[in-house]
Amino acid sequence: MGGATQGISMNVLKSISIGVGLGLLLSGQAYAAPVEAVHGLTIEQGQFVLNGKPLRIIAGDMHYTRVPREYWRSRLKMAKAMGLNTITTYVFWNAHETTPGHYDFSGQNDVAEFIREAQQEGLYVILRPGPYVCSEWDLGGLPAWLLKDRDAHIRTTDPKFMQPAQRWLHRLGQELAPLQYTRGGNIIAVQVENEYGSFGKDNDPYLQQIRKDIVESGFDASLLYTSDSAPQYGSLPDLPKVINFGVGHAPEKLAKLHTWQPGGPYMVGEYWVGWFDHWGGPHYVIDATKVAKELSGMLKQGYSVSLYMFHGGTSFGWMSGANWDDNSYQPDVTSYDYDSPLDESGRPTPKYYALRKVIAEATGSTPLALPATPATQAINNIRLDESRSLWDALPTPTASHELKTMEELGESYGDILYRKRIDADESGTLRIDGLHDYALVYVNDKRIGTLDRRLKQDSLSVKLAKGDTLDLLVQNDGRINFGEKMVNERKGIVGAVTLQGQQLRDWQIYALPFTENEATAYAHGPCRHAPCVYRATFNALVSGSANADTFLDTKGLGKGVVWLNGHPLGRYWSIGPQRTLYIPGAWLKPSDNQLVVLDLLTEGQPSLHTLKQPILGTPKQAK
1 MGGATQGISM
11 NVLKSISIGV
21 GLGLLLSGQA
31 YAAPVEAVHG
41 LTIEQGQFVL
51 NGKPLRIIAG
61 DMHYTRVPRE
71 YWRSRLKMAK
81 AMGLNTITTY
91 VFWNAHETTP
101 GHYDFSGQND
111 VAEFIREAQQ
121 EGLYVILRPG
131 PYVCSEWDLG
141 GLPAWLLKDR
151 DAHIRTTDPK
161 FMQPAQRWLH
171 RLGQELAPLQ
181 YTRGGNIIAV
191 QVENEYGSFG
201 KDNDPYLQQI
211 RKDIVESGFD
221 ASLLYTSDSA
231 PQYGSLPDLP
241 KVINFGVGHA
251 PEKLAKLHTW
261 QPGGPYMVGE
271 YWVGWFDHWG
281 GPHYVIDATK
291 VAKELSGMLK
301 QGYSVSLYMF
311 HGGTSFGWMS
321 GANWDDNSYQ
331 PDVTSYDYDS
341 PLDESGRPTP
351 KYYALRKVIA
361 EATGSTPLAL
371 PATPATQAIN
381 NIRLDESRSL
391 WDALPTPTAS
401 HELKTMEELG
411 ESYGDILYRK
421 RIDADESGTL
431 RIDGLHDYAL
441 VYVNDKRIGT
451 LDRRLKQDSL
461 SVKLAKGDTL
471 DLLVQNDGRI
481 NFGEKMVNER
491 KGIVGAVTLQ
501 GQQLRDWQIY
511 ALPFTENEAT
521 AYAHGPCRHA
531 PCVYRATFNA
541 LVSGSANADT
551 FLDTKGLGKG
561 VVWLNGHPLG
571 RYWSIGPQRT
581 LYIPGAWLKP
591 SDNQLVVLDL
601 LTEGQPSLHT
611 LKQPILGTPK
621 QAK
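Numbering (UniProt numbering), first residue to last: 1 to 623.
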């Protein structure tokens with residue numbers, strides 16, 4: 001079932017199935033004799049056993065939302081050719097329920113089809129439905145609307161969280177519970193929550209409720225388990241545990257797993273074969289030889305392993321998350337290349353070939369032939385010759401005595417504008433308490449400065465006169481997705497704005513979600529007053545029936561977001577490390593491709609081009 005629908009009881013579905021079976025018997029139609037029972041994944045003598053046979057899981061993470069639907073099948077073929085027998089995937093709640101009670105399982109969100117295609121390629125699936133998933137994804141996959149009520153407590157037994165989480169899991173069960181292995185599908189295991197040991201203290205009541213909701217959603221035919229990377233685990237006594245860690249840490253982490261779970265089974269739930277990047281930081285990589293050597297050692301000892309990531313892909317649109325490390329906010333880049341065996345565009349890397357060889361040696365199998373890798377293209381002279389200024393098309397504001405966050409206005413992503421008419425002459429320090437995340441400060445339409453949460457900037461000197469208009473344009477750079485800081489990760493201004501210590505009140509607040517299809521007219525010619533929205537039309541290469549991938553070079557732009565033919569490509573920022581945005585060839589047309597660019601800082605009439613290879617930044621070895 002796809003599209004926006006409401007949940008129905010799993011018991012109703014089961015009753016329907018029973019009724020259909022009885023109807024066939026009573027109607028006299030042919031009835032096949034029962035086939036031999038299929039047994040799901042179990043644990044026997046410390047080992048995984050599937051349908052009565054030992055199973056060593058060699059898996060890799062790949063997320064349906066981060067890979068264009070048109071490429072799911074080719075990426076799954078590459079997984080099989082590398083020697084994997086299982087695909088691990090998160091399910092991203094906020095991608096499916098953008099507004100409370102309305103669900104979308106169509107198009108790119110058709111996770112059931114993704115799992116069916118994995119089965120058709122001979123791959124099992126380990127499902128990680130959360131409801132929290134982390135994954136460098138905005139708010140760890142939780143919908144931003146959960147934060148509208150400031151008294152709500154996410155990832156706890158608070159009914160304001162648990163009730164929508166239960167509703168979501170039950171709806172997900174309608175899509176995916178029939179795809180479990182014992183019901184003819186390929187889902188063999190389902191994770192309960194995610195790395196709760198790095199977040200919560202009330203393991204038993206919270207995780208018991210989440211497990212109950214997962215089982216009642218129809219996932220009662222798969223092995224349930226928990227996954228953690230923290231020194232302490234977030235699990236329940238009767239649930240199997242897997243451990244997550246990075247390259248170089250196998251000895252101590254596997255020893256920890258043995259203390260958690262004497263007697264087995266022993267599985268690395270996430271073996272971090274690469275790492276992710278933050279805006280303003282380096283591009284992290286991990287040496288392929290080092291990864292291959294450690295993986296070889298674990299496989300020779302009989303461990304099951306899931307590579308995180310096998311194929312990272314792209315956090316399209318506004319969905320890249322953020323971390324809080326070293327007492328600072330660190331937003332993630334759009335690319336989720338992760339220095340994975342398959343790069344961001346699905347092409348095998350030296351790490352792919354090294355791990356393929358290790359897996360073949362450990363399993364004694366001959367790898368399948370590699371599928372062909374299509375060529376890429378470069379496109380020149382993409383002229384952003386149509387434009388409009390943000391200031392020329394502001395929506396109707398909300399008047400408020402106090403400041404409100406994006407979530408309080410029903411907005412999840414984009415920007416928010418706070419406007420105030422100054423009542424008296426005043427000069428001094430303007431301070432924003434709780435800036436989330438990047439602010440441009442204007443007086444009478446002239447930008448006088450910027451403030452960046454990453455750099456702990458929250459104030460600047462201003463000179464204001466009675467009747468002046470003060471504008472604070474705040475951009476959401478991605479919600480924190482890991483640790484306790486995420487519970488207050490509302491966007492906009494979460495505190496107060498003061499001038500010389502006196503709080504400013506009575507604001508006009510504009511929600512600016514920036515959807516690409518906003519019905520606003522463009523003018524030919526340059527944009528003279530940033531922020532600017534630009535539009536370009538261009539042609540692309542078509543080879544046979546397939547379009548070639550390419551990479552948009554954002555050099556010459558400032559900070560913003562790009563859409564191609566209605567598809568949100570993601571954020572860019574001139575501070576790097578990432579400079580190119582991945583353009584899937586499947587999203588291109590032979591002619592009349594439309595590129596829309598929202599840029600906070602750049603004025604004029606930029607001209608862009610694309611490259612055959614990505615530029616993700618200067619590599620630095622991750623520790």
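Idealized CB from N, CA, C, for every residue including glycine.
Alpha helix (DSSP H) containing residue i: first to last residue?
i, result
"valine 285", "Element bounds for valine 285: not the alpha helix (DSSP H) but the beta strand (DSSP E), 283-285."
"lysine 617", "It is worth fixing the name first, because residue 617 is glycine in this sequence and not lysine. Here glycine 617 belongs to no alpha helix (DSSP H), and DSSP marks it neither H nor E."
"lysine 357", "350-363"
"glycine 297", "288-300"
"asparagine 94", "93-96"
Is residue i near residue j, with beta carbons less than 8 Å apart?
i, j, result
"aspartate 415", "leucine 473", "yes"
"glycine 130", "glutamate 193", "yes"
"leucine 417", "tyrosine 534", "no"
"histidine 63", "tyrosine 90", "yes"
"glycine 248", "glutamate 294", "yes"
"alanine 59", "threonine 88", "yes"
"leucine 139", "methionine 486", "yes"
"tryptophan 168", "methionine 319", "no"
"serine 235", "glutamate 195", "no"
"asparagine 481", "glycine 274", "no"
"glycine 570", "leucine 581", "yes"
"glutamate 344", "threonine 314", "yes"
"glutamate 117", "arginine 73", "yes"
Using three-state DSSP, classify residue i as helix, strand or coil.
i, result
"histidine 153", "coil"
"phenylalanine 161", "helix"
"aspartate 228", "strand"
"asparagine 547", "strand"
"glycine 604", "strand"
"lysine 14", "Bear in mind that a pLDDT of 35 at lysine 14, under 50, signals an unreliable position, so the model cannot answer this."
"alanine 622", "coil"
"leucine 169", "helix"
"glutamate 121", "coil"
"proline 205", "helix"
"asparagine 481", "coil"
When the Cα atoms are used, what is the spatial distance from residue i to residue j?
i, j, result
"isoleucine 583", "arginine 383", "17 Å"
"glycine 617", "threonine 334", "13 Å"
"proline 397", "asparagine 539", "38 Å"
"histidine 436", "leucine 430", "16 Å"
"alanine 378", "proline 614", "11 Å"
"tryptophan 93", "glycine 141", "5 Å"
"proline 251", "leucine 470", "57 Å"
"alanine 288", "leucine 403", "50 Å"
"threonine 600", "alanine 586", "The sequence given here has leucine at residue 600, not threonine. When rounded, the distance between both Cα atoms is 29 Å."
"arginine 75", "valine 291", "21 Å"
"lysine 620", "tyrosine 284", "5 Å"
"lysine 446", "tryptophan 391", "11 Å"
"methionine 309", "alanine 79", "11 Å"
"leucine 146", "serine 412", "10 Å"
"aspartate 592", "alanine 189", "45 Å"
"alanine 536", "lysine 555", "16 Å"
"phenylalanine 199", "leucine 451", "30 Å"
"glutamate 386", "aspartate 477", "26 Å"
"tyrosine 181", "asparagine 51", "9 Å"
"glycine 280", "glutamate 489", "20 Å"
"valine 133", "tyrosine 233", "16 Å"
What residues match up with residue i in a beta bridge as DSSP calls it?
i, result
"serine 400", "Trp507"
"cysteine 532", "Ser389 and Asp599"
"methionine 267", "Ser304"
"asparagine 323", "Gln330"
"methionine 62", "His311"
"valine 542", "Asn547"
"glutamine 180", "Ile187"
"isoleucine 382", "Leu608"
Can you tell me where the beta strand (DSSP E) with residue i in it begins and where it stops?
i, result
"isoleucine 583", "580-583"
"proline 331", "328-331"
"residue 648", "Since the first residue of the chain shown is 1 and the last is 623, residue 648 is not available in this structure."
"lysine 201", "Careful: lysine 201 lies outside any beta strand (DSSP E) and carries neither H nor E."
"histidine 39", "No beta strand (DSSP E) holds histidine 39; DSSP gives it neither H nor E."
"threonine 554", "Per DSSP, threonine 554 belongs to no beta strand (DSSP E) and is neither H nor E."
"leucine 139", "Element bounds for leucine 139: n/a, residue is neither H nor E."
"arginine 431", "426-432"
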